[in-house]
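Read through the structure below, which is laid out as structure tokens, and then see the notes.
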Amino acid sequence: MEKIVPYAKKTFLALKDPYHTVITVKPGIIDRAASFLENEGEVWYTGIKNTDAIPAELKERLEKRGFLIHTTDQMALGGRAIDLQLINPITGNWMTGSSSGTALNVFYGINDAGIGTDGGGSVLAPAAALNLYGFISPMIEQEKMIGYHKISTDGIGFQPAIGAITRDLETMGKLLIPLFGYDITKFQPQEETYTIIETEQCHNLPDIYGSREPLIEYLKSVVKPRTIVISTEGPVDVNAPGDSIFGHFDEETGKCQSRSGKGLMRVVNMSGKSALTVPAKGLGRCTVLICESRPGDIAYMFQLAKAYQNQPSPLIQRYFMNFDMYF
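So the sequence shown is residues 84 to 410, counted in the working numbering.
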């Protein structure tokens with residue numbers, strides 16, 4: 084009985100919706116949660132971004148693996164890079180989009196995991212802004228995502244990738260089976276066959292906070308099978324908003340946009356690559372690991388990510404994960 088209490092509190096908070104991040108809640112899943120806890124020992128409440136691009140088949144796989152759909156989450160209108168309806172609770176600035184509500188509901192403890200879509204950083208950037216883990220791959224439901232081809236606000240064509248947001252790497256790793264439909268960890272990559280490229284050591288790298296086009300070309304040329312690119316980025320949307328609607332006007336707004344701390348995370352999906360963001364110690368800072376969209380490379384990227392983990396802020400956990408504060 085004691086094990087189910089935290090999940091009941093998650094639903095109480097979702098129903099209260101103090102931050103206006105929730106569209107719908109499913110209180111009735113508590114019965115299934117209790118069953119999973121009794122039979123499997125663990126369960127994860129999961130939020131889904133309010134978009135029809137996330138296939139029903141993926142939701143079914145999540146449910147079967149104990150990632151129970153708990154909420155439908157708010158997102159930035161029009162898929163914008165900043166959400167003018169939601170606030171980043173740490174900085175007080177507009178929340179990073181467009182999977183804004185999904186990231187916030189993980190941050191507040193309403194959910195243990197969130198599923199969103201990423202065109203030009205819409206999963207990775209909100210996760211980084213809140214010091215959460217983010218992962219995207221165009222391999223997830225790839226055939227279905229072709230039908231959602233779009234043009235970005237800066238004129239680049241893309242199809243969104245599905246991604247996930249969690250508070251810890253362990254939960255993200257357990258999400259891989261339902262995300263892909265099979266266990267990619269069965270691929271055992273040999274460490275000595277991999278090339279690691281750290282962008283801080285590269286002299287021929289375009290400005291990672293500049294225009295997207297040269298960065299897309301860079302990732303396409305550099306990220307090959309058995310290659311991992313590691314980029315230190317941030318602070319995301321702390322010093323300025325990373326939004327091309329704002330930044331496109333003139334040199335001044337463009338420079339302001341470039342101070343948003345969003346680097347290669349903006350072009351991972353547009354380059355057809357997969358990526359994992361690992362929170363760093365500073366606010367809104369992260370290590371971005373980028374690989375070719377192949378099962379073995381993704382498996383190795385997750386192995387490598389363990390070395391970049393940091394302890395989350397005790398103050399943030401103590402304050403925002405305190406459910407008693409709300410009732």
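Every residue, glycine too, gets a C-beta built ideally from N, C-alpha and C.
Per-residue burial, residue i [other beta carbons within 10 Å of its own, 16 or more giving buried]
i      : result
Leu213 : buried
Val88  : exposed
Thr107 : exposed
Met353 : buried
Ala139 : exposed
Gly344 : buried
Val188 : The question names Val, but residue 188 in the sequence shown is Asn. The residue in question, Asn188, is buried, as its Cβ has 16 or more Cβ neighbours within 10 Å.
Ile229 : exposed
Glu143 : exposed
Leu398 : exposed
Ser218 : A quick correction: the sequence has Phe, not Ser, at residue 218. It is buried - the Cβ of Phe218 has at least 16 other Cβ atoms within 10 Å.
Ser304 : exposed
Distance between residue j and residue i (C-alpha atoms, nearest Å)
i      : j      : result
Ala116 : Val126 : 6 angstroms
Ile165 : Pro243 : 17 angstroms
Glu334 : Ala136 : 35 angstroms
Ile299 : Gly293 : 11 angstroms
Gly246 : Asp407 : 31 angstroms
Ile279 : Arg377 : 16 angstroms
Thr236 : Leu207 : 18 angstroms
Leu98  : Ala186 : 17 angstroms
Lys389 : Gly184 : 27 angstroms
Phe150 : Ala210 : 19 angstroms
Leu34  : Gln386 : In the structure displayed, the chain extends from 84 to 410; residue 34 sits before or after that span and is not available.
Gly111 : Phe95  : 12 angstroms
Ala382 : Ser357 : 11 angstroms
Gly337 : Gly330 : 4 angstroms
Gln340 : Glu146 : 39 angstroms
Pro297 : Thr104 : 35 angstroms
Ile313 : Gly346 : 12 angstroms
Gly311 : Glu85  : Here residue 311 is Ile; the residue named in the question, Gly, does not match the sequence. Approximately 43 angstroms, taken between the alpha carbons.
Pro318 : Lys364 : 10 angstroms
DSSP state of residue i mapped onto helix, strand, coil
i      : result
Ala91  : helix
Leu120 : helix
Val189 : helix
Ile219 : strand
Ser314 : strand
Tyr102 : coil
Ala54  : Residue 54 is absent from the structure shown; the chain starts at 84 and stops at 410.
Ile112 : helix
Pro261 : helix
Ile279 : strand
Gln242 : coil
Tyr301 : helix
Cys339 : helix
Gln168 : strand
Tyr292 : coil
Proximal residues to residue i (C-beta, below 6 angstroms), its chain only, five neighbours per side dropped
i      : result
Leu259 : Ile267
Arg342 : Asn322 and Ala323
Lys93  : Tyr128 and Ile193
His232 : Gln242
Leu160 : none
Thr155 : Ile106, Thr107, Ile131 and Asn133
Close beta carbons around residue i, own chain, < 7 angstroms, minus the five adjacent residues each side
i      : result
Lys109 : Ile152 and His153
Glu283 : Thr315
Arg349 : Gly203, Gly204 and Arg295
Arg148 : Ile260 and Pro261
Thr134 : Met158 and Thr200
Gln392 : Leu252 and Val361
Glu224 : Pro138, Leu141 and Ile245
Close Cβ partners of residue i (< 8 angstroms) along its chain, the five nearest in sequence each way excluded
i      : result
Trp177 : Ile165, Asp166, Leu167, Leu169, Ile170, Asn171, Asp320 and Pro324
Tyr102 : Leu169, Ile170, Pro172, Leu187 and Tyr191
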